[in-house]
Each structure stands twice: as structure tokens, then as C-alpha cells.
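Numbering (my numbering), first residue to last: 263 to 518.
In C-alpha cells, the structure reads:
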């Protein structure tokens, strides 16, 4: 079997959900380096190809066309400009509102809503019953191959205009309020405990289970600007999910 044939078979298995770029093993998320290496190999194997559609011009590597779906996939992709790249998995009952973009290696679990202008970056892993609201972004990562992608666990709600990047893990049932940005260097403050959230054993930022996170700030306390009144951005956990929070999120079920 030549390299191109091996690559094509791997893409087929990714699209079927048989393989994943990252998965939870003994409670810890682990990246599959071999799959990421294979995805990168696909770019080297491909040649530039004209993928234009009508009056719209598209030029890309022929190893990475857009995915085609049928009724058998049981995925709702509402008309209006959404693109799902080859090698991405969308589980049955996924809903994708236009326009959205889902990149290679991404995994999206059952009954998840990808809202308008949302981006699911390369290799991002999204669980079941997740709502990714309008204009929110999940960052992608292909290199280095050992880097964990963004992980969104089951039953997470991500508000509009949010950005989750650089291998951040959002644990199940968390709620990320509108406009919150979290990356690998963002300290997350837990106002319910009056302390910053500790990173995991690998140094990754982890939003705890059930945390409700809003955009906040903290004063500069070191250096010449200390005491100046200037604030730095900080996501703040203001509470943990309760019945009142769940009630405020029920409306989305009417859209499915």
C-alpha cells in the first residue's frame, strides 16, 4: 500500500469516527501523534487543484477537498455557505448553521449545535450536546504533533464571540459566557474560591466541570505600572452550574 492509499484510508476512518486525533484514556486526554503526522503528510502528498464552484474560485491541495454528506449521515447542514473539510467527523444529529467552517481532524459529538460564523479548528475535539454559539472559535493545531488540540467535553455551552485556543480543555457541563477568550497563557480566576485555577499535570489550562465563566479583569500588581489602575483581562468563574443556569440554556433545544 502506497502512502497516498494509506492516507485516504485514514481520512475515511476519521470521517467515520473510527479514529480520533485525541481521546480520553484513564481520565486523561491523550493526543494520537500518528494521526496528526498522517494529516500533515496529506499536505505534502497533495498537489494544487482547482476546486472552484460557479463564480467562486477555490485552489487547494487535492488531498483535502470538502466533505460531501448524504441523508444517511443524519447531519443537518443548513444552506448558506458552510464548509466541512475532509477528515472531520460529524456525528448523527449534529446541526451546523451557516456560514461555519469545520477543519480537518475535528471531531463533533452527537446532538451538538455549531451556530453561524463559528469555527472548529483543525483537530479540535467537541463532545456531545455542546452548543457553540455564533461567531465563536475553537482554535486548531497540527504542529507540533504532540500538542493537544482544544478539547470541549460533553454538555458544554459556549456563548457568542468566544475564543478557546492552544490546547485548552473545557470540562463537561461548563458554561462559557459571551466574549470570553481563553488560551494557554490565560489565568482563570475562581471567584467562588478566591484563587486561580491550577493547570493540569501537563501544564494545560483546564476549565473545571460545571464552571460558569465570564469575562473579567485583574489589576497590574508588578512592575512600573503597579497601582496605575490599568487592568489585565482575566476569565472569572462566578459560580458553578445549577438549576437556574440549566433553565436559561433550555431554549436551544427548540432549535434542534
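For glycine and all other residues, C-beta sits at the position ideal for the given N, C-alpha and C.
This one's a predicted model, so the numbers in the text were calculated from it and none came from an experiment.
Item, Value
"Rounding to the nearest angstrom, what Cα-Cα distance links residue 365 and residue 486 in this structure?", "43 Å"
"I'd like to know whether the C-beta atoms of residue 311 and residue 324 end up nearer to each other than 9 Å.", "yes"
"Can you find the residues in the same chain that come closer than 7 Å, C-beta to C-beta, to residue 493, ignoring five residues on each side of it along the sequence?", "479, 480, 481"
"Is it the case that the Cβ atoms of residue 351 and residue 369 are separated by a distance below 9 Å?", "yes"
"Confirm, please, whether the CB-CB distance from residue 383 to residue 403 is below 9 Å.", "yes"
"If we ignore side chains and look at the alpha-carbon of each, how far apart do residue 357 and residue 305 end up?", "28 Å"
"Sorry if obvious, but does the Cβ on residue 350 come closer than 8 Å to a heavy atom of the ligand GDP?", "Summarising the ligand content, the structure contains no ligands, and the ligand GDP is consequently not present."
"Can you check whether the CB of residue 440 is closer than 9 Å to the CB of residue 488?", "no"
"Measure the C-alpha to C-alpha separation of residue 466 and residue 500 and round it to an integer number of angstroms.", "21 Å"
"Which value, in whole angstroms, describes the spacing of the CA atoms of residue 331 and residue 345?", "11 Å"
"Which residues does DSSP pair with residue 478 in a beta bridge?", "496"
"Expressed to the nearest angstrom, what Euclidean distance is found between the alpha-carbon atoms of residue 406 and residue 387?", "17 Å"
"Quick one, are the C-beta atoms of residue 429 and residue 447 less than 9 Å apart?", "no"
"Rounded to whole angstroms, what is the Cα-Cα separation between residue 289 and residue 314?", "44 Å"
"Throw me the rounded Cβ distance for the residue 395 and residue 416 pair, which I believe falls under 8 Å.", "Between residue 416 and residue 395 the Cβ distance is about 17 Å, and since that is not below 8 Å, they are no contact."
"If you run the structure through DSSP and keep just helix, strand and coil, what is residue 375?", "strand"
"For the beta strand (DSSP E) that residue 284 lies in, which residues bound it at each end?", "284-287"
"State the start and end residues of the unbroken alpha helix (DSSP H) segment that holds residue 405.", "Careful: residue 405 lies outside any alpha helix (DSSP H) and carries neither H nor E."
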